[in-house]
Structure formats: C-alpha cells, structure tokens
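J.:
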Amino acid sequence: MNPDTRLEFPIDTVPKNGTMYSINDELHWVRMPLPMSLNHINLWLIGSNDQATLVDTGMFLDDVKSAWTDLISKEKIDIKKLIVTHMHPDHIGLAGWFVKKFNVPLCMSRTDYLQCRLLAADTGEYVPHEAIDFYTQAGLSEKQIKNYIERFGFFGSIIHKLPDAYNRIKHGDMISIAGDEWQCIEGRGHTMEHICLFSKAKNLLISGDQLLPKITSHVGVFPTEPNANPLDDWLESCKRLIDFVPEDVLVLPAHGRPFLGAHKRLKTIINHHEESLSKLEEFLTTPKRSVDVFPVLFKREIDDSNFLMATGESIAHLNCLIERGLVSRNISEGIAFYERV
Ligand SMILES: [Zn+2]
Ligand SMILES: [Zn+2]
2 MNPDTRLEFP
12 IDTVPKNGTM
22 YSINDELHWV
32 RMPLPMSLNH
42 INLWLIGSND
52 QATLVDTGMF
62 LDDVKSAWTD
72 LISKEKIDIK
82 KLIVTHMHPD
92 HIGLAGWFVK
102 KFNVPLCMSR
112 TDYLQCRLLA
122 ADTGEYVPHE
132 AIDFYTQAGL
142 SEKQIKNYIE
152 RFGFFGSIIH
162 KLPDAYNRIK
172 HGDMISIAGD
182 EWQCIEGRGH
192 TMEHICLFSK
202 AKNLLISGDQ
212 LLPKITSHVG
222 VFPTEPNANP
232 LDDWLESCKR
242 LIDFVPEDVL
252 VLPAHGRPFL
262 GAHKRLKTII
272 NHHEESLSKL
282 EEFLTTPKRS
292 VDVFPVLFKR
302 EIDDSNFLMA
312 TGESIAHLNC
322 LIERGLVSRN
332 ISEGIAFYER
342 V
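Given below as structure tokens:
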C-alpha cells in the first residue's frame with residue numbers, strides 16, 4: 002500500500018522557489034532552492050511581516066541569498082527571532098547571515114550548534130586517517146575514497162560562518178511566538194538534537210526533517226562515531242512524537258507539502274525501517290560488506306553522488322542489528338564483514 006494516499010494535503014497553493022505564500026496573516030510559507038535532486042526547502046515565518054520569527058534559513062548560496070534579499074524588501078520583512086531546527090546546511094546555512102542582517106540571536110539546540118561548528122572547522126583541514134579507515138572498512142573503492150577526500154570540508158563551504166554565541170533551546174522548552182506558546186520537541190537520529198516546534202493552540206507542528214510526507218530522512222553513521230546506533234534513536238524519536246502531537250495536527254515539513262496524518266506517517270516510517278532491518282538480517286546469512294547491502298535497503302540507484310549517504314545509512318542499519326544481538330561484525334584484512342548470528 003502506498004502510505005502517502007492516506008495523508009491529506011489541505012493547502013493547494015505551493016510557493017515557487019524564492020517566493021512566499023501566506024497560509025494566514027500569522028503564518029507564511031517560504032520556499033528556497035536547493036542544488037540537489039531534492040530541489041527545495043520550506044522555511045516558516047510566524048507573526049506579522051514586521052515582527053516575524055523565522056524558522057530555518059536555506060543554504061548559504063548566492064541565489065538563495067539574493068532571493069531572500071528580494072523577498073525581504075518586497076514583503077517588508079523584519080525578523081525579530083531566528084530558530085533553526087537542526088545543523089544541516091539547508092536549514093542553518095544562512096543563519097549567520099540573518100543574525101548579522103537583523104541583529105537577532107540564533108536559537109537552536111546545544112548539540113547541533115556545537116556539532117555544526119565542529120564540522121565547519123574541517124574545511125581546509127587534512128582528512129583524518131580514522132575517516133579513511135572507516136570508509137575502507139565499509140568496502141568503498143579507491144576511487145570512492147579519493148572522491149571522499151576531495152569533498153572533505155565541503156560542509157563548511159555551504160554555511161555562512163555561525164555566530165560565536167547562540168541561545169540554547171531544548172526539549173520541553175516553551176517559546177512565545179506571535180502570542181502563542183510553541184513547545185520544543187527533541188528528535189534524535191537524523192541529527193543529534195533536532196528540534197520540532199509544536200503549537201497546541203494553533204494545532205501546528207513545524208517538523209523540520211523529523212517528519213516528512215514523502216521521503217525518509219537520512220539516518221546515518223559517520224566516521225567520528227563508527228559504532229553509533231542512530232537508527233534506534235530515530236525509531237524511539239518517531240514513537241515519542243506520536244505521543245506528543247495529535248493525529249490531526251497540521252504538519253509543516255521542511256521538504257514536501259504541509260499535511261495531515263502525522264501518526265499514520267510516523268507509523269509508516271517506523272514500519273519501513275523495521276522491515277528493512279528484517280530483510281537485512283535475512284540477507285546476512287553469509288558475510289557481507291556494508292556496500293554489499295545497498296540493494297536490500299535502497300530502491301534508488303547508488304552512484305557517485307550518493308554513495309557516502311548510502312554507506313552511512315547501511316552502517317546505521319547494521320549497527321542497529323549488532324546492538325540488538327542479531328548480527329556480528331568481523332574485520333578481515335581491513336574490511337568489515339557482517340553476518341547473522
Ligand atoms: Zn536534515
Ligand atoms: Zn532538510
């Protein structure tokens with residue numbers, strides 16, 4: 002069954018990239034371009050244009066900056082508060098630019114703020130041998146490792162320098178925006194401390210990448226923490242979100258269209274990962290490398306543009322099975338092999 006047929010998309014208008022659509026006087030939907038197959042991000046302005054709170058910013062790219070500059074002048078937007086859901090470049094890229102332009106503090110979670118500064122600091126640095134060992138163990142080819150080395154530090158190039166100070170927001174905090182209280186709900190697994198914003202009074206959830214209508218968010222393992230188990234964090238966060246928001250909440254996601262059916266979608270996401278885990282476990286009757294399990298986990302073709310993401314996501318599933326005691330890992334001649342126990 003296609004799960005998306007059970008979701009409702011009650012807003013017919015979708016703003017074009019670089020423009021804004023006002024859902025009502027106090028809620029404005031901005032779309033900005035992304036230079037990838039996922040070609041847009043949704044950003045949210047809450048409150049009147051001259052007293053707005055902005056949630057997420059878009060990537061630090063010239064066309065996004067100029068689209069924002071045009072939109073700000075055309076709609077007479079004045080930003081009084083800036084909130085970022087998590088540290089990915091499409092969400093946080095222009096945060097430093099907004100902080101300077103409007104002299105507002107950046108509000109976000111502590112872990113994601115620190116993690117973002119850490120990753121941005123890699124730009125121009127050498128590639129640590131731990132990272133090369135990690136991808137070699139996973140079974141990447143020499144050409145793919147070379148490709149990784151060439152792209153190392155790219156993260157910092159699509160993020161404006163972050164401000165040196167920020168305001169921490171955390172799970173359970175209530176933030177006052179345009180006369181309503183918005184509750185911060187933490188999610189883990191996509192990043193370490195992703196924040197969703199929920200208004201009970203308005204029955205709205207700004208979900209960032211924690212809950213998306215069509216695509217499943219990336220949940221991956223990275224070289225800095227090779228034995229991490231972000232998938233169990235992610236599954237637990239999805240289950241928790243079901244408890245925090247009602248089924249009829251209007252979800253305002255970072256990618257795709259606003260939708261109704263939060264619980265259905267969260268259950269579909271949980272089931273999707275659990276099914277992948279079962280299929281993967283069955284596939285491991287003989288030892289396999291991380292790169293050998295791609296066909297079990299991904300329908301899309303894995304090429305030069307997405308093999309790092311696919312590798313991280315495969316290891317996330319494998320580490321989850323290891324932690325559940327279902328799979329073992331053995332290193333042989335520098336390559337990790339996984340097998341059902
Ligand atoms: Zn993200
Ligand atoms: Zn995103």
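The working numbering numbers the first residue of the sequence shown as 2 and each following residue consecutively. Glycine included, C-beta positions come from ideal geometry on N, C-alpha and C. This one's a predicted model, so the numbers in the text were calculated from it and none came from an experiment.
1) Within the stretch 83-108, note down every full alpha helix (DSSP H) run reaching 4 residues or more, in order along the chain.
2) Kindly indicate which three-state DSSP category Met175 falls into: helix, strand or coil?
3) Looking only at its chain, what residues have a beta carbon closer than 7 angstroms to the beta carbon of His274, apart from the 5 residues adjacent to it on each side?
4) So, is Ile332 buried or exposed, given that buried needs 16 or more other C-beta atoms within 10 angstroms?
5) Verify whether the separation of the beta carbon atoms of Glu194 and Ser110 is less than 7 angstroms.
6) Put Tyr167 into one of helix, strand or coil per three-state DSSP.
7) Any chance the CB of Asp210 is under 6 angstroms from a heavy atom of ligand 2?
8) Would you mind sorting Pro259 into buried or exposed? The rule is 16 or more other CB atoms within 10 Å of its CB.
9) Taking DSSP as the reference, what is the three-state secondary structure of Arg301?
10) Taking the beta strand (DSSP E) that Asp181 belongs to, which residues open and close that run?
11) Are the Cβ atoms of Ile178 and Ile323 separated by less than 7 angstroms?
12) Within 6 angstroms: the Cβ of His273 and any heavy atom of ligand 1?
13) According to DSSP, what are the bridge partners of Lys289?
14) I want to know whether the stretch 286-302 touches the stretch 311-319 - three or more CB-CB distances under 8 angstroms.
T.: Per the coordinate set shown:
1) 90-93 and 96-103
2) strand
3) Leu232 and Leu236
4) exposed
5) yes
6) coil
7) yes
8) buried
9) coil
10) Asp181 to Gly188
11) no
12) no
13) Tyr339
14) yes
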